[in-house]
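**Student:** In order, the protein sequence lines correspond to chains E and P.
So that you can map any letter, position 28 of the first sequence is 28 in the numbering used here, and since no number is skipped, the others follow by simple counting.
So that you can map any letter, position 233 of the second sequence is 1233 in the numbering used here, and since no number is skipped, the others follow by simple counting.
Glycine included, each C-beta is placed from N, C-alpha and C at the ideal position.
None of these values were measured; they are calculated from a predicted model.
Protein chains: 2
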Amino acid sequence: MGGDNAPREIVAGTLAAASQFDAHFVLVGDQKQIEPLVKGAPREAKIEIVHAPEVVAMDEPPVAAVRRGAVTSMAKSFELVRNSEADAVFSAGNSGAFLAFSMIRLRPLAGIARPAFATIWPARNGPMVVLDAGANVDCKPEWLVQFAIMGAAYSHAVLGVDKPKVGLLSIGEEESKGNELIDAATPLLADAPIEFAGDVDVIVCDGFVGNVALKLAEGAGEYIFGALKEAATTSLGARIGALLLRPK
Amino acid sequence: MGGDNAPREIVAGTLAAASQFDAHFVLVGDQKQIEPLVKGAPREAKIEIVHAPEVVAMDEPPVAAVRRGAVTSMAKSFELVRNSEADAVFSAGNSGAFLAFSMIRLRPLAGIARPAFATIWPARNGPMVVLDAGANVDCKPEWLVQFAIMGAAYSHAVLGVDKPKVGLLSIGEEESKGNELIDAATPLLADAPIEFAGDVDVIVCDGFVGNVALKLAEGAGEYIFGALKEAATTSLGARIGALLLRPK
C-alpha cells in the first residue's frame, strides 16, 4: 500500500512476477482497492489477498509504525513471515519502518548486526550488487564486513556469479586512503571469508554514501535523458527519444 | 605538468582562456615542453613561462611533495602566489599535494579551518556549486558551515547568483535525518550568515561523499553515453553521437 502509485503498480508488478515465477503471492492491504486490480490475473496465477485496514504513512516515524501493531499492511506482511506463512516480504513503502519491522519482528541472522538494503546496478560487465543503499546512515567497520558477506551470498545465489569479488566504495586515484570508516574496514575485509579485490561484483559502503550514490546516479540519468528529450522537437530528437524508450 | 595529457591540454586551456579574459597567464613547468605548445598563441595574449625542472607525481604523498621544496612546478606556482607575483593557482595535478601546498604555503583565510574543492554541476535551473568534492574525507560539522559560506560567496561572485541558497547533501524523503555529521551541522548552518533552504544554488557535503557523488555522476554519464555509442553502428546512432559531442 506504500510507495508511488500504490497499490496499482505493486499489483501490476505482482502479476508480472506471477507470469514468470511458479510462486505463491500474498498481497497484503486494503482488499477493496486490491481486488479489482487482480481481476486481470491469468487463471493459473496463485495470488491471495490478506486484508489490512491501515497503512504505514511514508513520513511516519519507524518506531511509531511498529507500535501500532498488526493493523497495517506492513505489520501484517511481517507477521506472515514471522509465522512461516510466507518466506519473504517485499515493500515499496516507508523504508525506515520496513527496516524497524525487520529488526524488531524478524531479528537479523546470527552474526549479523544490521540488515542492509541491497540494490542491483547495471554495469558494463553485468549487474553489480551495491549495499548498503540506505538502511544504516552511520556504520561500524564490522557492519561493512557483514554487508560484504551478505552481498557476496546474494551475488552468488541470485545473480549466479561463481566467486563474487567484493570491493569497498572509496575515492581517489592518487590518495591512498578513504575516510576513517573505510580505513578501519579495509583490514577487516581482507580477513573475511570473501574475495576482496579486482573487478568487483559487489560494492560495499555505508547507507548514507550508498543512498547518495543511488539517488545521484538516478539523477544523472534523468538529467541526461531530460536534456535529450528537450531536443525532441526535431525529428532527429523524436527518433532519439524512441530509441531511449526502447533500449534493446 | 600534472593530470591527463599534460602539459598539452593545460596549455590548450590557457590559450582558450587567454582569448576570453584580459588576464596575465603564467605557465609553470618544463620550459622545453611548454614553449612549442605556446607558439600558436594570439599575439596579444599575455602568457609567460616560469621554468620548474621537476614535477609532483600523481601518486606522490602530499607531505613528501611539499618537502621537496620549490623545484617542482606545483611548488613554484604556490611561491608565485605567496610572493604576490600571481593572484591564483590552477592545477590538474595531484590534488592531495595541491591541498597540502595551499594549507602549508598559503594558509587558509581567518575563520576557515580547511580549504575545500568546489565543483560546478550542471542542473536544470542553472549551474550549482558543490563542495567539498574531495579535499577533506572526514569533516567536522563546523567545517561544513565554512564550506557553505565559501560556496555562497563563490556562487555570488563567480556565477552571479543574487542571494545564493545553500543546502546540506542528505538523503531520504521519509527519513527525517541524515547521518551524525549532517545532524550536527544542520542547526549550525541555520545560524550561519547564509540562506539555508529552498531550491539550492550551493550543495555542501564532506569530501568523501562529494567525491563519490562526483565520480558517480561522471560514471553514470559515461555509462549512458557508452550505451548510446554502442548503437552508433547505425546511421541514426552516428547522428546521435554527433549530437552528443556538440551539445548546444
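Mind checking if N1250 (chain P) is an interface residue toward chain E, Cβ cutoff 9 Å exclusive?
**Tutor:** Because chain P is modelled from 1001 through 1248, residue 1250 (chain P) falls outside the range shown and cannot be assessed.
**Student:** From the DSSP output, read off the bridge partner residues of H24 (chain E).
**Tutor:** Answer by DSSP bridge pairing, in chain order: E:K46.
**Student:** Please tell me whether L188 (chain E) and L144 (chain E) are closer than 9 Å, where the distance is taken between their beta carbons.
**Tutor:** Yes, these two residues count as a Cβ contact at 9 Å.
**Student:** Which residue or residues does DSSP assign as beta-bridge partners of I1203 (chain P)?
**Tutor:** According to DSSP, I1203 (chain P) bridges with P:V1130 and P:G1167.
**Student:** Kindly list, in the order they appear in chain E, the residues whose Cβ is closer than 7 Å to that of M1179 (chain P).
**Tutor:** Reading off the sequence shown, one finds Asn at residue 1179 (chain P), where the question assumed Met. Correct list: V137, D138 and F208.
**Student:** Which class does A1118 (chain P) belong to by DSSP, given the choice of helix, strand or coil?
**Tutor:** A1118 (chain P): strand per DSSP, three-state reduction.
**Student:** State yes or no: is the C-beta of K1165 (chain P) within less than 9 Å of the C-beta of A1190 (chain P)?
**Tutor:** No, the Cβ-Cβ distance between K1165 (chain P) and A1190 (chain P) is not below 9 Å.
**Student:** Taking the continuous alpha helix (DSSP H) assigned at R124 (chain E), which residues delimit it?
**Tutor:** Per DSSP, R124 (chain E) belongs to no alpha helix (DSSP H) and is neither H nor E.
**Student:** Can you check which of these residues, E:V28, E:G40, E:G167 and E:V71, is closest to E85 (chain E) by C-alpha distance?
**Tutor:** That would be E:V28, whose Cα lies nearest to the Cα of E85 (chain E).
**Student:** Taking V202 (chain E) as the query, report the chain P residues whose CB atoms sit under 7 Å from its CB, ordered along the chain.
**Tutor:** Within chain P, no residue comes near V202 (chain E); the closest Cβ sits about 16 Å away, beyond 7 Å.
**Student:** Would you mind telling me which residues of chain P sit closer than 7 Å to I224 (chain E), beta carbon to beta carbon, in chain order?
**Tutor:** Under the 7 Å cutoff, chain P gives G1221 and I1224.
**Student:** Keeping to the same chain, check which residues put their C-beta closer than 8 Å to that of D1059 (chain P); ignore five residues upstream and five downstream.
**Tutor:** Contacts found: N1094.
**Student:** Compare the C-beta of A185 (chain E) against all C-beta atoms of chain P and say whether one is closer than 9 Å.
**Tutor:** It does not: the Cβ of A185 (chain E) has no partner Cβ on chain P nearer than 9 Å.
**Student:** By the 10 Å Cβ neighbour count, where 16 or more other Cβ atoms means buried, how is P1053 (chain P) classified, buried or exposed?
**Tutor:** So P1053 (chain P) counts as exposed.
**Student:** Could you check how far apart the C-beta atoms of K109 (chain E) and R82 (chain E) are, in whole angstroms? I think they sit under 8 Å.
**Tutor:** One detail in the question is off: residue 109 (chain E) reads as Leu in this sequence, not Lys. Contact doesn't hold; Cβ gap of about 15 Å is too wide.
**Student:** Measuring only the C-alpha atoms, how far is A152 (chain E) from P127 (chain E)?
**Tutor:** One C-alpha to the other measures close to 13 Å.
**Student:** Starting from the beta carbon of A64 (chain E), find every residue of chain P whose beta carbon is closer than 8 Å, and list them in chain order.
**Tutor:** Going along chain P, no residue has its Cβ under 8 Å from A64 (chain E), so there is no contact; the nearest lies around 12 Å.
**Student:** Could you tell me the alpha carbon to alpha carbon distance between V1011 (chain P) and M103 (chain E), rounded to whole angstroms?
**Tutor:** Cα-Cα distance, rounded: 58 Å.
**Student:** Smallest Cα separation from S91 (chain E): which of E:D199, E:V26 and E:G178?
**Tutor:** Of E:D199, E:V26 and E:G178, the residue nearest in Cα terms is E:V26.
**Student:** Ends of the alpha helix (DSSP H) at G1096 (chain P)?
**Tutor:** Run containing G1096 (chain P): S1095 to F1101, per the alpha helix (DSSP H) assignment.
**Student:** Which of the residues in the stretch 7-28 of chain E, read from start to end, lie with their CB under 7 Å from any CB of chain P?
**Tutor:** Going along the stretch 7-28 of chain E in chain order, one finds no residue with a Cβ nearer than 7 Å to chain P.
**Student:** State the Cα-Cα distance for the pair I1149 (chain P) and V1129 (chain P), rounded to the nearest angstrom.
**Tutor:** Answer to the nearest angstrom: the Cα atoms are 12 Å apart.
**Student:** Quick one: measure Cβ to Cβ for C205 (chain E) and L169 (chain E), integer angstroms, because I've assumed they're closer than 8 Å.
**Tutor:** With 8 Å as the limit, C205 (chain E) and L169 (chain E) qualify as a contact, their Cβ atoms being about 4 Å apart.
**Student:** Could you pull the start and end residues of the alpha helix (DSSP H) that F90 (chain E) belongs to?
**Tutor:** Taken as a continuous stretch (DSSP letters only), F90 (chain E) belongs to no alpha helix (DSSP H), as it is neither H nor E.
**Student:** Between G1221 (chain P) and I224 (chain E), which are expected to be in contact by the criterion C-beta below 8 Å, what is the C-beta distance as a whole number of angstroms?
**Tutor:** The Cβ separation is near 6 Å, so the contact holds.
**Student:** With a threshold of 16 other CB atoms inside 10 Å of the CB of E175 (chain E), please say whether the residue is buried or exposed.
**Tutor:** Per-residue confidence for E175 (chain E) stands at a pLDDT of 43, beneath the threshold of 50, marking its modelled position as unreliable; no derived number is given.
**Student:** Would you please verify whether the beta carbon of I182 (chain E) is less than 9 Å from any beta carbon of chain P?
**Tutor:** With 9 Å as the cut-off, I182 (chain E) counts as an interface residue toward chain P.
**Student:** Going by the DSSP bridge assignment, what does T1072 (chain P) pair with across the sheet?
**Tutor:** For T1072 (chain P), which the question treats as bridged, DSSP gives the partners P:E1054.
**Student:** Could you tell me how far apart the beta carbons of A113 (chain E) and Q146 (chain E) are, in whole angstroms, since I believe they sit closer than 8 Å?
**Tutor:** Yes, A113 (chain E) and Q146 (chain E) are in contact; Cβ-Cβ is about 6 Å, under 8 Å.
**Student:** To which residues of the same chain is L1249 (chain P) closer than 8 Å at the C-beta, ignoring the five residues directly before and after it?
**Tutor:** It is not possible to answer for residue 1249 (chain P), since the shown part of chain P is limited to 1001 through 1248.
**Student:** Would you verify that the beta carbon of A1075 (chain P) is, or is not, closer than 9 Å to some beta carbon of chain E?
**Tutor:** Closer than 9 Å: no.
**Student:** Do V137 (chain E) and I1171 (chain P) have their CB atoms nearer than 9 Å?
**Tutor:** Result yes, Cβ atoms of V137 (chain E) and I1171 (chain P) sit closer than 9 Å.
**Student:** Would you verify that the beta carbon of A113 (chain E) is, or is not, closer than 9 Å to some beta carbon of chain P?
**Tutor:** A113 (chain E) does not count as touching chain P.
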